[in-house]
Structures are given as C-alpha cells and as structure tokens.
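Visitor:
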Amino acid sequence: MKGCILKRLKSENTVLSEKQLGKEFDISESSVQNYIHELQEAGYDISRSPAGYRLINAPDVLFPWEFEKREALIHYFPEVDSTMDVARKMAKDHCPHFTVVIADRQTKGRGRLKRKWISEKGGLYFTIVLRPDVPISMAHTVNFGASLSLARILQDHFALHARVKWPNDIFVDDKKISGLLSEMETDEDRIVFVNIGIGINVNNDPASEEPNATSLKSLLGKNVLRKTILSLFLDEFENSLIPSTIPAIMNQWKQYTMTLGRDVRIVTSRETTEGTAIDIDESGALLLKLHDGTIKKILYGDCFIR
Ligand code: ATP
C-alpha cells in the first residue's frame, strides 16, 4: 500500500488529500495517515497542508516499489550477513529467474575465496538469482555478461572509463570500483541456478581500508543515486541475456577489458605463471603467451597486471 500511495503522489506531483487517497485505495483516512507517516520515517520528504499531501523529494532508497516493473522480484533488506547467502536460500526455495536481493549493508560481504568485501552504507550490494536457459558449458557467459553490462553503464551513463579485469572485477583508472562473484548449482546436465553477487562502491569510500579502491562519489565529486545505477544495470543485463544476444557477449567483453595485451602474473594456490594476456577463449579462459612463446590456458587464479 505504501508503494501504491507513493506512486500516486509521484505521478500526480500535486496535493492529494487523505480523503481522496483513502477513497482510491479503499482504506480509512487514518490508515492513509499511518502509511504516510511510515514513508516519512523511511526518508520520503512528504509535506502536509490543509489541502493534503505532496511529495517533495524521494530519498535514495531501494524498496521494491522503486523498481516499478520489477517490484515483485525485488527483495530489500537494510542489513544482511551477505546477499549471496540470502539469495542462495531463495534460489533453493525455487524463487523465480531474475529475483534480486539487495541490502544497504552487509556484515559479512564476501568476494572470491571467502575474501572480505567491505560493505558499508552508501554502497550498492545485491545478488541476482538467474535460471538461464543455457548449457552448463556456457554458464560463464552469464558472468561475463554481468561485468560487461556494468562496465557499459558506468561508461555510457557516468562517463567513467570502466574496464573489466579478468575474470570480472571492474576498475576505473586502475582502481577497483566493483567486484563480482558467482555461485552455481547444477543438476546432472542442467543449470539449476547461477547467482551473481555485485558490490559497487557508490557513495561510500572504502579507500581508507582498501587503498586500491575507488567509488563513484570520489570519481564524480557528487552523490549518485544507487537506485538509478541498479535500474540501469538490471535493464542492460537483462537485455544481454536474451538468447539472440548471448553469443555476442564474449567478443563484446573483450572491448571492455584492461587485461588483454598486458603483461600479467597469475597466482593460484599451486603455481605462479607470468606472460602476456593475448586472448580469452570461448570458455572464458585467459590465454597467456609465456616467455618461451608457448600459449598457456588459464582457467582460474588471481590476475595481477604488471
Ligand atoms: P582481485 O582484486 O585480485 O581480483 P579478488 O578477485 O579476490 O581480487 P574479489 O573477490 O572480487 O577480489 O573481492 C575481494 C577483494 O577485494 C578483497 O580481498 C579486497 O582486496 C578487495 N576489496 C574488499 N572490499 C572492497 C571494496 N569495497 N572496494 C574495492 N575493493 C575491495
């Protein structure tokens, strides 16, 4: 109901009385009052005059009703341990494709290999549950599609020179602005779900704890609405997952990477390999030209650009 009232206030941009709102939504005038009070508590600037209510300003909140056409698939929490954990539970409970779990803060945000992802207020933290209709051998394209979509919207809508570091972190001016993480569950030869978790530094500033980090706010010198970034990203990513566009992902991704053509060091728990990153193959593996001229296929590892 709060979302409905808000939608009316937004669409009308004029004063709406308690009586009018109560009649429209078939609720009492005191219920209208209560809902308006709750919206004000949530940060919406709604003025009250004898003629009624007017929406003055909407804060940067991530409630489901802020994402109109996706409302039913958005699950917002002020604080969670990790959106990945919440989303995993939902995925196991059969939530639909493109369910999105969002949090203002994570107390145990994580990156790959259980590394910590600093998740203070002001950043954008979410996990999307996907049930893509692609064979397991193509699952990686979904991850590449996510990092491609994010780099694109940072470049196209915020004029940032965003580049993806293989396999999927996003950097601007050699500083990390976003990290992506994915978890997949399969059933014999079929993907049950792929969850993609994304942390983006927006109006937070993790640089004091993580010197190589940056944020939209520090790059642009102003606050940016997280709900705008999320809406743009979800639209872009959804488009990239249309069956006819999926085959183009890997080639397009290569145009947004900072890794190809660079001398890199790949570190795994077993070995360190150095060489020049010359290509990404169809499976998402990095092809390294070693110093002796041989080509080595790298499936995973920490990638350091030298
Ligand atoms: P790499 O940066 O080499 O790709 P990684 O792939 O393990 O490392 P992730 O798993 O995406 O990175 O994220 C975890 C790492 O990111 C942490 O170990 C830390 O160095 C860094 N980090 C943690 N929180 C943030 C943040 N909010 N912004 C930028 N970097 C962060």
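Heads up: the sequence shown is residues 128 to 433, going by my numbering. Built from N, CA and C at the ideal position, the CB exists for glycine as well. Nothing here was measured: the structure is a model prediction, and the numbers come from that model.
Based on DSSP bridge pairs, tell me the residues matched to GLU206.
Guide: Paired residue(s): ARG232.
Visitor: Looking only at DSSP bridge pairs, what is ASN350 linked to?
Guide: Answer is none; ASN350 lacks a bridge partner.
Visitor: Assign ARG215 to one of three DSSP states: helix, strand, or coil.
Guide: The answer is helix: DSSP assigns ARG215 an H, G or I state.
Visitor: In the DSSP assignment, find the beta strand (DSSP E) that holds LYS303 and state where it starts and stops.
Guide: Element bounds for LYS303: 302-314.
Visitor: What are the complete alpha helix (DSSP H) segments, minimum 4 residues, inside the region 361-429?
Guide: DSSP runs (the alpha helix (DSSP H)) wholly in the region 361-429: 376-381.
Visitor: Whole-angstrom Cβ separation of THR341 and ASN328, contact assumed at under 8 angstroms?
Guide: Right, the Cβ-Cβ distance comes to about 7 angstroms (below 8 angstroms), so this counts as a contact.
Visitor: Quick check on this structure: which residue in GLY348, LYS303, ASP212 and VAL299 has the alpha carbon closest to the alpha carbon of GLN233?
Guide: Per the Cα distances, ASP212.
Visitor: Return the Cβ separation of GLY170 and PRO294 in integer angstroms, given the expectation that the two are a contact with Cβ distance under 8 angstroms.
Guide: About 37 angstroms; that fails the 8 angstroms criterion.
Visitor: Could you check which residue in ILE323, SER157, PHE364 and PRO338 has the C-alpha nearest to that of ARG215?
Guide: Comparing Cα positions, the closest option is ILE323.
Visitor: For LEU308, count the other beta carbons within 10 Å of its own beta carbon; 16 or more makes it buried, fewer makes it exposed. Which is it?
Guide: Per the 10 Å Cβ criterion, buried.
Visitor: How should ASN270 be labelled, buried or exposed, when 16 other C-beta atoms within 10 angstroms of its C-beta is the threshold for buried?
Guide: Label assigned to ASN270: buried.
Visitor: Note down, in chain order, each residue of its chain lying with its Cβ closer than 8 angstroms to the Cβ of GLN379, except the 5 sequence neighbours on either side.
Guide: Excluding sequence neighbours, GLN379 sits near LEU275.
Visitor: Taking 6 angstroms as the cut-off, does the CB of ASN270 come closer than this to any heavy atom belonging to the ligand ATP?
Guide: Outside the cutoff, so no.
Visitor: With a CB to CB cut of under 6 angstroms and the five nearest residues on each side skipped, what residues in its chain are close to LEU417?
Guide: Same-chain partners within the cutoff: GLY402 and LYS423.
Visitor: Would a C-beta distance cut-off of 7 angstroms place SER209 and GLY236 closer than the cut-off?
Guide: Yes.
Visitor: Which same chain residues, not among the five before or five after LEU359, have their C-beta less than 7 angstroms away from its C-beta?
Guide: So the qualifying residues of the chain are ILE280 and HIS284.
Visitor: Can you tell me where the alpha helix (DSSP H) holding GLY272 begins and where it ends?
Guide: Segment 266-285, the alpha helix (DSSP H) holding GLY272.
Visitor: Between ASN322 and the ligand ATP, is there a pair consisting of the residue's CB and a ligand heavy atom that are separated by less than 6 angstroms?
Guide: Every heavy atom of the ligand ATP is 6 angstroms or more from the Cβ of ASN322, so no.
Visitor: What does the alpha-carbon distance come out to for the pair LEU415 and PRO205?
Guide: Between LEU415 and PRO205, the C-alpha separation is close to 43 angstroms.
Visitor: Could you tell me whether the Cβ atoms of CYS430 and ILE393 are closer together than 7 angstroms?
Guide: Yes, the Cβ-Cβ distance between CYS430 and ILE393 is below 7 angstroms.
Visitor: Decide if GLY420 is buried, meaning its Cβ has at least 16 other Cβ atoms within 10 Å, or exposed.
Guide: Counting Cβ neighbours within 10 Å, GLY420 comes out exposed, since fewer than 16 surround it.
Visitor: For the beta strand (DSSP E) containing GLY179, name the first residue and the last one.
Guide: Where GLY179 is concerned, the enclosing beta strand (DSSP E) stretches over 179-184.
Visitor: Whole alpha helix (DSSP H) runs in the region 137-192 with 4 or more residues, listed along the chain?
Guide: If we require 4 residues or more, the alpha helix (DSSP H) runs fully inside the region 137-192 come out as 145-152 and 156-168.
Visitor: LEU200 and ARG353: beta carbons closer than 7 angstroms?
Guide: Their beta carbons are not under 7 angstroms apart, which means LEU200 does not touch ARG353 by this criterion.
Visitor: My assumption, with CB atoms under 8 angstroms, is that LEU136 sits in contact with TYR180. Please give the rounded CB distance.
Guide: Confirmed, Cβ separation roughly 6 angstroms.
Visitor: Report yes if the C-beta distance between VAL351 and LEU343 is below 7 angstroms; otherwise report no.
Guide: Against a cut-off of 7 angstroms, the Cβ pair of LEU343 and VAL351 comes out as a contact.
Visitor: State the DSSP-derived secondary structure class of ARG290, mapped to helix, strand or coil.
Guide: Strand.
Visitor: I'd like to check one pair, VAL256 with ALA218: are the Cβ atoms closer than 7 angstroms?
Guide: In this structure, VAL256 lies closer than 7 angstroms to ALA218 by Cβ.
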